[in-house]
Each structure stands twice: as C-alpha cells, then as structure tokens.
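Below is one structure, written out as structure tokens; the observations come after it.
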C-alpha cells in the first residue's frame with residue numbers, strides 16, 4: 001500500500017489545542033487578513049490595520065502571531081491546508097479518481113498557480129523554498145504516490161524530488177525578486193513545460 | 001546556430017585587469033587556499049592560517065578577499081571555472097564530440113559530484129542555490145544547448161530550467177544541513193535518477 005500523504009504545514013499548530021476565545025480570535029484574525037490581502041494586497045497588511053479591521057487590540061494580534069512575518073506564515077499555512085485538502089479529497093483530476101498522469105499534470109498546474117498567487121506572501125514571510133519544509137514534504141510525498149500509481153518504473157522517490165524541484169523554479173525567481181527581469185519565461189510556458197515533462201517522465 | 005555557453009562565474013573578476021603583483025598575490029593565495037582545503041578541510045582555513053602559509057601579511061589577504069566568505073566565493077569561482085572549461089572543451093562525453101544524451105548524462109553526474117565535493121564550500125561562502133547566480137546561468141545554458149542538439153522537441157529553455165533544478169536538489173540539502181538526516185537518499189541514487197530522467201526526457 002502506498003503511503004498516505006498527510007496534511008503538513010509550516011507552523012504545525014493543527015494539533016495544539018487552544019483556549020476557545022484564543023482560537024476564535026485566531027480564526028477572526030486570519031479571516032480578516034485573507035480579506036485584506038485580497039482587497040488591498042500584501043503590502044497594505046500591517047499588524048495595526050489588522051487589529052483595527054478585526055476590532056481587536058494590537059496586543060492580541062502580536063500575541064497570536066509574534067510578528068508580521070509570523071502572520072504571513074500563518075496565512076500561508078491556511079492556504080497550504082486548502083491546497084492539500086484539494087489534492088487529497090477535492091474533485092478530480094486534482095483530487096482522487098482520475099488517471100495518475102492527469103493528476104500529476106493537474107497537481108503541477110495547481111502548484112504553479114499557488115506559487116504565482118502566493119509568491120508575494122512567501123517573500124514577506126521570508127520563507128525559503130527548501131526541500132525540507134513541511135509543505136515541500138507534502139508535495140514530494142504526493143508526487144511519489146502518483147508516480148508509483150503510474151507504474152512508470154524508475155526510482156519514484158528520486159523522481160519525486162526531481163519533479164518537485166522543477167515546480168519550485170518560479171518560486172526561486174519570486175524570492176530573488178527577479179521574476180520579470182532575468183527570466184523572460186511566462187507562467188504559461190512553465191505550465192505547458194510541466195505537462196510536457198510529466199508526459200516524458202510517464203513515457204506517454 | 002545555438003548560443004555558445006560562455007564562462008560565467010560568481011565574482012566576475014575575469015575581465016577586470018589587476019596590477020601584476022596584486023594578481024600574483026591573488027594566484028598564490030588561491031593556490032595556497034586550495035591546498036589547505038584539500039589537506040585540512042574547509043573548517044581549518046582561516047584568514048590567519050592562509051596569510052601565514054602563503055607568507056603574506058594578513059592585510060593583503062583581507063584586501064584581496066574582503067572576508068572569509070569572500071575567500072570562499074573566490075575559491076568557488078576557481079572550481080567553477082575548471083568545471084565549465086571541462087564542459088566546453090574537455091574530453092568527451094563531458095566535453096564536445098559525444099552524443100547529446102551521453103553529454104547530458106555526463107554533465108549531470110559531474111555537476112552532482114561537484115555539489116557533493118564543494119557543498120561545504122558553498123555553505124561557508126553563504127552562497128544560496130538560486131536560479132539567478134551566474135554559475136546557474138552557465139548550467140542552464142549548457143543544458144539548453146544540449147537539449148536543442150538532441151532535437152527532442154518541447155520547450156528547450158523551460159526543460160533546461162527543470163533539469164537544472166533537478167540537479168540542485170542535493171545542494172539544498174547541503175545548505176540546509178539536512179543531507180543525512182532528512183533525506184536518506186544517497187549520491188548514487190541521485191546519479192542513477194539523473195540518468196533515468198535524461199533518458200525519459202530524451203524519449204530514449
């Protein structure tokens with residue numbers, strides 16, 4: 001039986017019980033932060049603005065997240081959780097039920113979109129794209145499970161590392177702030193390149 | 001005509017003329033530093049030890065390299081230059097003359113070996129594996145030229161980014177200091193995985 005990919009996020013707070021008012025505050029703050037990011041962009045989101053918009057004290061915001069970077073890490077965790085849920089139990093082809101090749105293609109496209117949309121958050125959270133952060137662990141594990149289901153031979157674990165690295169290319173550009181200058185490559189070319197790579201790897 | 005890969009290194013000092021005694025000192029210091037690294041390891045190499053071993057003043061060492069990290073960057077440039085020369089004009093299959101698939105395989109294996117041997121230097125130089133450093137530029141360009149020679153179709157530039165990222169996986173582990181703990185993957189598995197990936201990408 002292939003290993004089942006578990007939800008893995010950066011802050012790892014899922015298992016820690018919180019007092020119910022603290023938990024409510026956290027939810028309210030994250031919901032408010034998501035709305036502010038959607039409406040005004042990441043740059044406009046400060047601890048002051050968040051406290052005011054949520055109707056809570058600034059001290060509460062700092063107690064919850066420690067710093068602005070901590071807030072962005074928590075936000076990223078939220079998005080990551082949604083993404084992982086969609087992969088594990090959402091509709092096909094991202095979720096279960098489709099051909100593994102189609103699922104691999106869908107996974108990459110969704111991940112590339114995630115990176116494109118959340119790259120600014122990653123930058124603010126000072127998150128580095130590394131092979132050892134928990135979110136990367138989920139991606140690699142998910143890729144490995146799909147590669148094994150594909151029955152394409154080879155070393156599925158190493159292939160998962162290789163494919164995962166290929167998906168993180170645009171993330172590096174985001175973090176280095178060179179997306180437009182150095183790489184004249186569009187999101188469309190990366191997405192098409194992912195489909196092509198999966199088909200080659202799957203020998204289809 | 002495909003673009004010709006040029007020598008690209010981090011410090012970019014190749015074109016800057018130096019006064020001849022300064023140039024001689026630099027050569028002597030780098031030669032001495034390489035010997036010390038080979039004999040004693042990176043950890044033992046300090047600015048003091050280097051000055052004493054080279055028979056020069058400590059001030060000269062600092063003037064040449066600025067800092068210990070600067071010294072390691074210069075050392076890396078030396079190794080990178082050797083590596084690039086071997087790819088561009090060394091014996092086949094790494095150098096010209098062999099089938100593009102064999103050259104791609106040889107390139108990856110040599111690059112993985114380079115990373116394994118120089119990972120500790122990269123760590124000391126605080127160099128991050130990014131898609132935008134000049135050494136990465138050389139690798140991507142070289143990969144693209146070989147992919148185009150291969151005539152395997154697809155978007156050779158995007159494929160080059162993807163393959164390049166796959167080769168940098170062990171570098172991330174080195175920089176995060178997790179090579180042994182988190183990844184139970186050996187250098188041999190990565191090397192075999194590279195051969196497999198190239199054959200799939202080349203549809204052979």
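Residue numbers (the UniProt record's numbering), protein chains in the order written: chain A, 1 to 204; chain B, 1 to 204. C-beta atoms are modelled at their ideal positions from N, C-alpha and C, and glycine is treated no differently.
Within-8 Å CB hit, residue i to chain B
| i | result |
| --- | --- |
| residue 180(A) | Because the pLDDT of residue 180(A) is 42, which lies under 50, any placement of that residue in the model is unreliable, and the question is left without a value. |
| residue 165(A) | yes |
| residue 14(A) | For residue 14(A), the predicted structure reports a pLDDT of 48, less than 50, and the residue's modelled location is therefore unreliable. A value from the coordinates is still provided. So no, residue 14(A) is outside the interface. |
| residue 51(A) | no |
| residue 192(A) | yes |
| residue 185(A) | yes |
| residue 201(A) | yes |
| residue 189(A) | yes |
| residue 19(A) | no |
Cβ neighbours of residue i in the same chain (closer than 8 Å, five flanking residues each side left out)
| i | result |
| --- | --- |
| residue 180(B) | Residue placement at residue 180(B) cannot be trusted, given a pLDDT of 42 that sits under 50; the coordinates are not used to answer. |
| residue 52(B) | none |
| residue 27(A) | none |
| residue 61(B) | 29, 47, 50, 51, 54 and 71 |
| residue 34(B) | 75 and 78 |
| residue 121(B) | 37, 42, 72, 75, 76 and 79 |
| residue 156(B) | 144, 147 and 148 |
| residue 86(A) | 94, 95 and 110 |
| residue 58(A) | 47, 48 and 51 |
Beta carbon proximity, residue i to chain A, threshold 8 Å
| i | result |
| --- | --- |
| residue 197(B) | yes |
| residue 168(B) | yes |
| residue 204(B) | no |
| residue 2(B) | For residue 2(B), the predicted model reports a pLDDT of 42, less than 50, meaning its position is unreliable and no value from the coordinates is stated. |
Same chain, Cβ closer than 6 Å to residue i, five either side skipped, listed in chain order
| i | result |
| --- | --- |
| residue 67(B) | none |
| residue 106(B) | 93 and 94 |
| residue 149(A) | 100 |
| residue 96(B) | none |
| residue 104(A) | 146 and 198 |
| residue 111(B) | 167 |
| residue 1(A) | Legend: pLDDT at residue 1(A) = 38, less than 50; position of this residue unreliable, no value from coordinates given. |
Residues near residue i by beta carbon distance below 7 Å, same chain, minus five either side
| i | result |
| --- | --- |
| residue 45(A) | 33, 36 and 37 |
| residue 118(A) | 76 and 79 |
| residue 116(B) | 170 and 187 |
| residue 102(B) | 93 |
| residue 64(A) | 25, 26 and 29 |
| residue 223(A) | With chain A running from 1 to 204 in the structure shown, residue 223(A) is simply not present. |
For residue j and residue i, believed in contact at Cβ under 8 Å, the rounded distance
| i | j | result |
| --- | --- | --- |
| residue 200(A) | residue 203(B) | 6 Å |
| residue 194(B) | residue 108(B) | 4 Å |
| residue 69(B) | residue 22(B) | Not confirmed; about 20 Å, so no contact. |
| residue 189(B) | residue 158(A) | 5 Å |
Compile a chain-ordered list of the residues in the stretch 62-91 of chain B whose CB is closer than 9 Å to at least one CB of chain A. none
Closer than 9 Å, Cβ to any Cβ of chain B: which residues of the stretch 140-161 of chain A, in chain order? 152, 153, 154, 155, 157, 158, 159 and 161
Sequence ranges, alpha helix (DSSP H) only - wholly within the stretch 12-89 of chain B, length at least 4: Listed in chain order, the complete alpha helix (DSSP H) runs (minimum 4 residues) inside the stretch 12-89 of chain B are 20-40, 47-54, 58-65 and 68-89.
Report the start-end ranges of each alpha helix (DSSP H) in the stretch 87-116 of chain B that is 4 residues or longer and not cut off at the edges. none
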